[in-house]
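A short write-up of the structure that comes next.
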Amino acid sequence: MGRTRSVSAILIGLAVVLSGTSVGAAPTRVEEASYLGGTPPGLALRWVLADKGVGGVVLPGGAERFVSVTVEDDMGLPVAISVTQDTTGDGVPERTFDACGETNRPVSIQPNYDVVVYIFQAPCNLPDVSGLATSGTVTATFTRGRAR
Ligand SMILES: [Ca+2]
């Protein structure tokens with residue numbers, strides 16, 4: 304009797320672990336990258352420098368369909384960002400999502416294309432918020448579905 308009960312407890316525990324990691328929960332991937340400085344206007348220049356972690360970062364694409372991005376600048380001020388993808392290979396992004404400091408919601412992305420997050424040396428496009436980009440960290444959370 305005691306043995307049956309403990310086996311049941313183990314099975315229930317196993318079921319909880321499995322459901323927490325697979326069924327119903329979207330797999331996530333977290334990428335972190337450092338940047339130095341904000342990027343000036345000019346699409347080609349932005350692309351090249353982001354590849355070096357200057358004025359932006361390049362995050363490897365995968366099977367995921369959404370990404371949430373948070374930028375923490377070392378100065379502590381919100382920075383203007385654009386989450387982009389170049390799906391045609393010409394260095395000019397077709398898909399862009401502008402935000403101030405963080406995306407606040409998962410952004411739809413094309414799977415298997417790198418995500419370039421540009422850091423702008425410009426104010427956030429929000430009233431009463433002046434952004435300043437110095438150096439900092441970009442954290443991107445990739446999800447298969449629209450999970451938070
Ligand atoms: Ca393009």
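Under the working numbering, the first residue of the sequence shown carries the number 304, and numbering increases by one thereafter. No residue lacks a Cβ here, since even glycine has one placed at the ideal position from N, Cα and C.
Query: Assigned exposure category for Asp376 - 16 Cβ within 10 Å defines buried; Result: buried
Query: Pro363 burial status per 10 Å Cβ neighbour count (16 or more: buried); Result: exposed
Query: Cutoff 7 Å; reference Tyr421; Cβ partners in own chain excluding five residues on either side; Result: Thr342, Arg349, Ala353, Gly358, Gly359, Ile384, Ser385 and Thr387
Query: Below-7 Å beta-carbon distance, Thr387 vs any chain D residue; Result: The displayed structure is made up of one protein chain only, and chain D is not part of it.
Query: Between the CA atoms of Asn415 and Gly448 - distance to the nearest angstrom; Result: 15 Å
Query: Separation of Val370 from Ala425, as counted between CA atoms; Result: 23 Å
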